[in-house]
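As numbered in the numbering used here, the sequence shown has no gaps in its residue numbers, which increase by one up to the final residue, 147. For every residue, glycine included, the Cβ atom is placed at its ideal position computed from N, Cα and C. All values reported here derive from a predicted model rather than from experimental measurement. See structure below.
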Amino acid sequence: MYGGFTLVLATINSLTSNAMGINDPHYKQLAALFSEINFKKEKIYTNSFHVLDVHQKIYSEFTDTPSKLKQGDLFFWVTLPNYDAGNSSVVTVDISNVSWQELDTFEGGKLLRKK
């Protein structure tokens, strides 16, 4: 009985939990949109773990404190939810306390430059 119950729960969990993590198609689509812009090979900071690196081979550096970036730094703000049941591919950050120039907007993110 216990074994059957465990099997049912494991099956339900595997069908309802997204375990794709960074390989989720939403992240892949966002990285593809980002790669279409010309960012002059500048260093890109982001609140996501390797979304650009994995899908488009664009180096990015994670930060959960964009307020500490220097004037002129680029910040790729990923607004997609975290599509991983076990790990955090995206960290929610507050960007309201910093002055930003919005360079581009995508479905699921924005490219900003710190003023």
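Coarse secondary structure for Thr38, derived from DSSP in three states
The sequence position of residue 38 within the sequence shown is 6, counting from 1. If DSSP states are grouped into helix, strand and coil, Thr38 belongs with the helices.
Would you list the residues sitting across from Asp136 in a DSSP beta bridge?
As a first step, residue 136 is located in the sequence shown; it is residue number 104 there, counting from the start. BP columns for Asp136 point to Leu143.
Could you work out which residue in Leu135, Gly118, Leu84 and Asp85 is closest to Leu106 when comparing CA atoms only?
By 1-based counting over the sequence shown, the position of residue 106 is 74. Closest in C-alpha terms to Leu106, from the list Leu135, Gly118, Leu84 and Asp85, comes Leu135.
Near Tyr91, which residues of its chain fall below 7 Å by C-beta distance, leaving aside the five closest residues on each side in sequence?
In the sequence shown, the residue the question calls residue 91 occupies position 59. Closer than 7 Å at the Cβ level, and outside the excluded window around Tyr91, lie Asp85.
For Gln133, collect the residues of the same chain with a Cβ closer than 6 Å to its Cβ; drop the 5 residues on either side in sequence, then sort them by chain order.
Residue 133 sits at position 101 when you count from the first residue of the sequence shown. If we look at Gln133 and ignore the five residues flanking it on each side, its Cβ neighbours are Arg145 and Lys147.
Would you please state the rounded distance, in angstroms, between the beta carbons of Ser99 and Val130? I believe it to be under 8 Å.
Working through the sequence shown from its first residue, we reach residue 99 at position 67. Working through the sequence shown from its first residue, we reach residue 130 at position 98. 5 Å between Cβ atoms; contact.
Check Leu106 in the structure and name its three-state DSSP category.
If you number the sequence shown from 1, residue 106 lands on position 74. If DSSP states are grouped into helix, strand and coil, Leu106 belongs with the strands.
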